[in-house]
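*Asks:*
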Amino acid sequence: MTYKNFYFLGIGGIGMSAIARYFNAKGFNVAGYDRTRSKLCEELEAEGIAIHYDDNVSEIADSFKKSQDTLVIYTPAIPAEHSEFVYFKERNFTIEKRAQVLGEITRIERGLCVAGTHGKTTTSTMTAHLLKQSHVDCNAFLGGISKNYTSNLLLSDKSDLVVIEADEFDRSFHHLTPYMAVVTAVDADHLDIYGTYEAYLESFAHFTSLIQPNGCLIIKKGIALKPRLQNNVKLYTYSGTEKADFYAKNIRIGNGTIIFDFVTPSETVTNIKLGVPVLINVENSVAAMALAWLNGVTANELRSGMASYSGIRRRFETWLKSDKLTIIDDYAHHPAELEASIKSVKALYADKKVLGVFQPHLYTRTRDFYKEFAAALSHLDEAVLVEIYPAREQPIAGISSKTIYDEITCPKCLTTKAELIEILKKEQFDVLLTLGAGDIDTYLPKIVAELQTKS
66 MTYKNFYFLG IGGIGMSAIA RYFNAKGFNV AGYDRTRSKL CEELEAEGIA
116 IHYDDNVSEI ADSFKKSQDT LVIYTPAIPA EHSEFVYFKE RNFTIEKRAQ
166 VLGEITRIER GLCVAGTHGK TTTSTMTAHL LKQSHVDCNA FLGGISKNYT
216 SNLLLSDKSD LVVIEADEFD RSFHHLTPYM AVVTAVDADH LDIYGTYEAY
266 LESFAHFTSL IQPNGCLIIK KGIALKPRLQ NNVKLYTYSG TEKADFYAKN
316 IRIGNGTIIF DFVTPSETVT NIKLGVPVLI NVENSVAAMA LAWLNGVTAN
366 ELRSGMASYS GIRRRFETWL KSDKLTIIDD YAHHPAELEA SIKSVKALYA
416 DKKVLGVFQP HLYTRTRDFY KEFAAALSHL DEAVLVEIYP AREQPIAGIS
466 SKTIYDEITC PKCLTTKAEL IEILKKEQFD VLLTLGAGDI DTYLPKIVAE
516 LQTKS
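Everything in the sequence shown is counted per our numbering, starting at 66 for the first residue and increasing by one.
#1: Go through its chain and collect everything with a Cβ distance to TYR54's Cβ below 6 Å, but skip five positions before and after it.
#2: When we look at the beta-carbon of SER406 and count the other beta-carbons within 10 Å, is it buried (16 or more) or exposed?
#3: Quick one: what's got a C-beta closer than 7 Å to ASN470's C-beta in the same chain, skipping five residues either side?
#4: Measure the C-alpha to C-alpha separation of SER375 and ILE210 and round it to an integer number of angstroms.
#5: In terms of alpha-carbon separation, which member of THR383, LEU445, ASP394 lies closest to ALA412?
#6: Is ASN94 helix, strand or coil when you go by DSSP?
#7: Using the rule of at least 16 other Cβ atoms within 10 Å of the residue's Cβ for burial, across every protein chain shown, is ASN217 buried or exposed?
#8: Whole angstroms are fine: how far does the CA of GLY463 sit from the CA of TYR214?
#9: Could you give the residue range of the beta strand (DSSP E) that holds ALA246?
#10: In whole angstroms, give me the CA-to-CA distance for LYS162 and LYS467.
#11: Quick check: LEU300 and ILE284, are their CB atoms within less than 8 Å of each other?
#12: Skipping 5 residues on each side, what residues in its chain have a beta carbon closer than 8 Å to that of ASN94?
#13: Going straight from the alpha carbon of HIS147 to that of ASP120, what length do you get?
#14: Look at GLU108 and HIS117 and say whether their C-beta atoms are less than 8 Å apart.
#15: Determine the DSSP secondary structure at GLU111, reduced to helix, strand or coil.
#16: Can you tell which of LEU195, PRO330, VAL247 has its C-alpha closest to the C-alpha of VAL362?
#17: Would you report the Cα separation of VAL418 and LYS386, rounded to the nearest angstrom?
#18: Pull up the distance between the alpha-carbon of GLU230 and that of ALA115, whole angstroms please.
#19: Roughly how many angstroms separate the alpha carbons of ILE505 and ASN297, rounded to a whole number?
#20: DSSP three-state call for ASN349: helix, strand or coil?
#21: Spatial neighbours of GLU348 within its chain, please: CB distance less than 6 Å, with the 5 preceding and 5 following residues excluded, ordered by chain position.
#22: Determine the burial state of THR140: buried for a count of at least 16 other Cβ atoms within 10 Å of its Cβ, exposed for fewer.
#23: In terms of residues, what are the limits of the alpha helix (DSSP H) holding ARG368?
#24: When DSSP labels each residue in this structure, what does SER148 get in the three-state scheme?
#25: Tell me, please, whether the region 162-171 touches the region 320-333 by the rule of three or more beta-carbon pairs shorter than 8 Å.
#26: Whole angstroms is fine: what's the gap from ILE290's alpha carbon to LYS131's?
#27: Using DSSP bridges, identify the partner residues of HIS426.
#28: If the criterion is Cβ atoms closer than 8 Å, does the pair ALA193 and LEU219 meet it?
#29: Distance check for PRO455 and VAL227, CA to CA, integer angstroms please.
#30: Look up GLY287 in the DSSP assignment and say whether it is helix, strand or coil.
#31: Return yes when the Cβ of SER409 is within less than 8 Å of the Cβ of ILE337, no when it is not.
#32: If you compare alpha carbons, which of ALA372, HIS239, VAL351, VAL334 is closest to THR322?
#33: Can you find the residues in the same chain that come closer than 7 Å, C-beta to C-beta, to TYR303, ignoring five residues on each side of it along the sequence?
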């Protein structure tokens, strides 16, 4: 790339911030705008990246106002009328989505791209950790903050492998050119973008056609996807529960631990211990270990890597653990993720009362899947719903958290974020599980402080 400066519109997003960190680490000038000063933005500022929080062209440093020197990178969440966005467009700056930039990186390095409706952040972060702590090493752009590295960006001075979370939203993953890819799931989502499930599946099929010759695709066994592969691209299947090219067997759960044997096409790696022992991570770890194994990570490195994996912020993140009370936060925001999360927690705490707080994410997703959300939440001992987190969307008439609430069959409560803590103080439970991709996690410090007396 010939640019000296990189300016980010929406720099605080998890994917955007990783690219900002990448160019900052490479010695380029990096700055940006975001609407909210989040913890992640504060971390970027501490790393020397200038960020402002008002949509105001005058706050853009003069050094970033030369079109020949500056590449502008934006997130699809930035509205077309955003004044800084308009400023750059009217002056013919080169403006790219973050996916386009990642795509260019996959054509320079060997991309290990993890796609899927759910599981992709955990699988890609596990893959990166397995490679990073092995003799192979890697670079990585992650969709979450790795707790092992307290970052969403990993860099290597010796490896040309780069792990990338391949996002299907807005067809972003079509910009990538993977060396190897994983597809974890193709349950319907983002129908506001795709219109139909058939179009959604076609988008994944197109993604598989982008894998480079002599690369490979690792696909979850049994999912409704017909890959379109170029010549000499190998196809493997994986599963957490049944025989496949890569799978788990002899799964042992107890005393807060999960141990299993990892079966590959040519060897079985015994006694894999999950560092984050939730049932859905068996499946995620099989996919991650398959990618790592195909790139030369040894059996002993797989064992030590999985045991030392600490997880991701907001993915089964434990906020409090005592004899009387456990509080766990999870980013689950799709019905299948919600069900997997709840069932994993119920399996780990089989004799405990589990209360779940769910913050729906997006009006369209609530409209499209309210019955599926309700069915997943009904596995809880008690469900509490707060208002929808709108993100980029405007309200839809007749769609609210009550749309889901009315379909739930377990004991339930409908409240607001403002009233949530008072509700929780009155309830009796052993495990609190907060769920959603909005801002529910920002309430956890107060929740933990108020409920400490239970512990």
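Cβ atoms here follow ideal geometry from the backbone N, Cα and C, with glycine treated the same way.
*Replies:* Taking the definition as stated:
#1: Only positions 66 to 520 of the chain appear in the structure, and residue 54 is not among them; the question remains open.
#2: buried
#3: First, the residue type needs correcting, since residue 470 is Tyr and not Asn in the sequence shown. So the qualifying residues of the chain are LEU450, LYS477, LEU479.
#4: 11 Å
#5: LEU445
#6: strand
#7: buried
#8: 43 Å
#9: 245-248
#10: 35 Å
#11: yes
#12: LYS69, ASN70, PHE71, SER128, PHE129
#13: 7 Å
#14: no
#15: Looking at the sequence itself, residue 111 is Ala, so the reference to Glu does not match. Looking at ALA111 - three-state DSSP - the assignment turns out to be helix.
#16: LEU195
#17: Looking at the sequence itself, residue 418 is Lys, so the reference to Val does not match. Cα-Cα distance, rounded: 14 Å.
#18: 26 Å
#19: 46 Å
#20: helix
#21: GLY305
#22: buried
#23: 364-373
#24: helix
#25: no
#26: Checking the sequence, you will find Leu at residue 290 rather than Ile. Rounded to whole angstroms, LEU290 to LYS131 spans 45 Å at the Cα level.
#27: TYR454
#28: yes
#29: 33 Å
#30: coil
#31: no
#32: ALA372
#33: ILE283, LYS285, LYS286, ALA309, ASP310, PHE311, TYR312, VAL351, ALA352, ALA355
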